[in-house]
């Protein structure tokens, strides 16, 4: 194991440590200000009305809780691709693979959704100027045409090219682009305030016309949490930070606070500028905004429809700026897209480090200092997602659910590492961790629940198919189970699981089972498969399986509750708001303390402990690290 850890560290050292605070801040902040700000204000209004303002505040506060927990572990053990690597340190390879798989599903698709956003926002003027149709409507949702997909793929290639110039150029280039991405949203909400209608907040159902339960639903489903996801970029680039101890926590928290302020005022300004007649919606029909003419380009139409408010010569200031907004609709998502292309590569790199993926993905170019093979893989996988998810609104829910599922690890790993690695230097110590760690966990689990049944159905299906991949790949690679056993268990499970998800419960799917019977069948398949893996695994494999039961409990329990609760398909849910939220909190607390208790000193963590520092030191570092320990 010492050789294994040494290999990890040697590989990480090839990554050039050239990112300072400003670069880390702008990596996070620039990633946050992406396509979310272009669409989420309308989606939030459609779900919660003016109360969507609270959704933005709640989302930012909850993710700060999550970020504080990740800040301690990222400073203690800085790793590139850190988010997917820490679960291996605290709970072993089985849980590590589940979390890596879930995070990978979400991260590689963010690049694709940002390319989708650029093309979707450009579709109107592309049609007017060139006659080329980039989008069409399918089942009431805008999706890309063949020409649109081709353009999106070309954008993905552009994101790839930006990344291959190396991390220093990458960080500097993004810093300057991020200034543009900051100025435009700020100018947008400032100009929209000139068209402010206070009546939108008092009439048409009041401040919370659709109930306060939808305030929480909007956090997860309106693109609000999705818009904040970039806060973890500084963590993923932790292995390339000059001073991770100081810069990672500061960059993470400040990026969330700054972006949260911008989003809040954007939502406020959009609500005030909403012109019901121009949107083609009956006044007070908030839900209809998602199907309105404004849905494809909400902020552009808000500016353009209010163009007569200020006049400069013959042209309106708002109308002129609406054109500038269309330019930014390309720059902002593109800026986030190339960040996530780099982040996706580092996620794949981190997974390969732990045998979750082939080892050749860990190859780092000596000249550029980037994981080139992983970067190519991120490009290819991202492009593949255009086929099943060819529209922004189709893909955003899946991304949110897959990524937010991994948030629960932050609070758990802090407490486990304090028990299993008490003597490692912690340049950033989370004060009040006894409170903030469970809060960080509950933040992740509650957002996951608020995503609602339709989202959870797809996410649970996609994440848990990863169990079969563990049996095919990681388990045998790490000598937890044999290849013949892995194939014998994984193939039947994959077939049965996919068939169960395809047919689904009646009347929502193609099957005949009522939902509870369908859910029991899902539980039986998962428990049966994992139980057999435990039975045939080595002693180390059994310990890793035992350490992962809590996260399976969390996913399946919240999935059950999502059907019968406020955010499910039933008109009169048997577990209404707020009781369903209270039950979800209780489920989360059980899972949190179970997860903390399940953690242990893994082999890799033991080797790190023996080194005395989060990094295995080189001879040149020995003196300074010794001083730090003293």
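Numbering (the numbering used here), first residue to last: 157 to 786. Note that CB positions come from ideal geometry on N, CA and C, so glycine has one too.
Measure from the alpha carbon of residue i to the alpha carbon of each residue in the options, then state which is nearest.
i, options, result
"residue 225", "242, 212 and 209", "242"
"residue 335", "186, 386, 265 and 244", "186"
"residue 688", "638, 346 and 709", "638"
"residue 487", "315, 374 and 199", "315"
"residue 182", "338, 570, 229 and 204", "338"
"residue 231", "579, 489, 403 and 756", "403"
"residue 535", "319, 632 and 596", "319"
"residue 747", "527, 600, 308 and 368", "600"
"residue 593", "564, 611 and 604", "564"
"residue 441", "178, 204, 308 and 348", "204"
"residue 527", "498, 513 and 514", "498"
"residue 724", "613, 363, 710 and 546", "613"
"residue 629", "223, 711 and 513", "513"
"residue 561", "366, 262 and 278", "262"
"residue 751", "215, 248, 176 and 258", "248"
"residue 678", "647, 715, 738 and 372", "715"
"residue 547", "268, 625 and 340", "268"
"residue 215", "340, 412 and 368", "412"
Under the rule that 16 or more other beta-carbon atoms within 10 Å means buried, what is residue i, buried or exposed?
i, result
"residue 616", "buried"
"residue 105", "Within the shown structure, residues of the chain are numbered from 157 to 786, placing residue 105 beyond reach of any answer."
"residue 670", "exposed"
"residue 658", "exposed"
"residue 212", "buried"
"residue 286", "exposed"
"residue 728", "exposed"
"residue 700", "buried"
"residue 164", "Confidence at residue 164 is low in this model, with a pLDDT of 46, below 50, so the placement of that residue is unreliable and no value is reported for it."
"residue 543", "exposed"
"residue 355", "exposed"
"residue 515", "exposed"
Who are the Cβ neighbours of residue i in its own chain at under 7 Å, not counting the five residues just before and after it?
i, result
"residue 282", "288 and 290"
"residue 382", "192, 552, 555 and 556"
"residue 674", "660, 661 and 667"
"residue 448", "435, 436 and 437"
"residue 415", "185, 188, 189 and 384"
"residue 421", "345"
"residue 461", "431 and 434"
"residue 374", "200, 203, 204, 208, 211 and 380"
"residue 570", "225, 228, 229, 586, 589 and 593"
"residue 439", "360 and 432"
"residue 342", "418"
"residue 685", "623, 645 and 649"
"residue 308", "271, 272, 275, 300 and 542"
Leaving aside the five residues before and after residue i along the sequence, list all residues of the same chain whose C-beta is less than 6 Å from its C-beta, in chain order.
i, result
"residue 704", "250 and 251"
"residue 575", "none"
"residue 731", "720 and 721"
"residue 294", "none"
"residue 492", "187, 190 and 270"
"residue 530", "501, 504, 505 and 517"
"residue 633", "511"
"residue 425", "345, 348 and 349"
Helix, strand or coil for residue i, going by three-state DSSP, please let me know.
i, result
"residue 175", "strand"
"residue 263", "helix"
"residue 299", "strand"
"residue 758", "coil"
"residue 576", "helix"
"residue 562", "helix"
"residue 633", "helix"
"residue 291", "strand"
"residue 669", "coil"
"residue 453", "coil"
"residue 731", "coil"
"residue 585", "coil"
"residue 189", "coil"
"residue 270", "helix"
"residue 352", "coil"
"residue 402", "helix"
"residue 519", "coil"
"residue 484", "helix"
"residue 370", "helix"
Any heavy atom of the ligand MG closer than 7 Å to the CB of residue i?
i, result
"residue 604", "As for the ligand MG, it is missing from this structure, which has no ligand bound."
With a threshold of 8 Å on Cβ separation, who are the neighbours of residue i within its own chain once the five nearest residues in sequence on each side are excluded?
i, result
"residue 363", "205, 206, 207 and 357"
"residue 310", "none"
At a cut of 8 Å, does the segment 369-383 reach the segment 191-209 through at least three beta carbon pairs?
-> Under the 8 Å Cβ criterion, the segment 369-383 counts as touching the segment 191-209, having at least three qualifying pairs.
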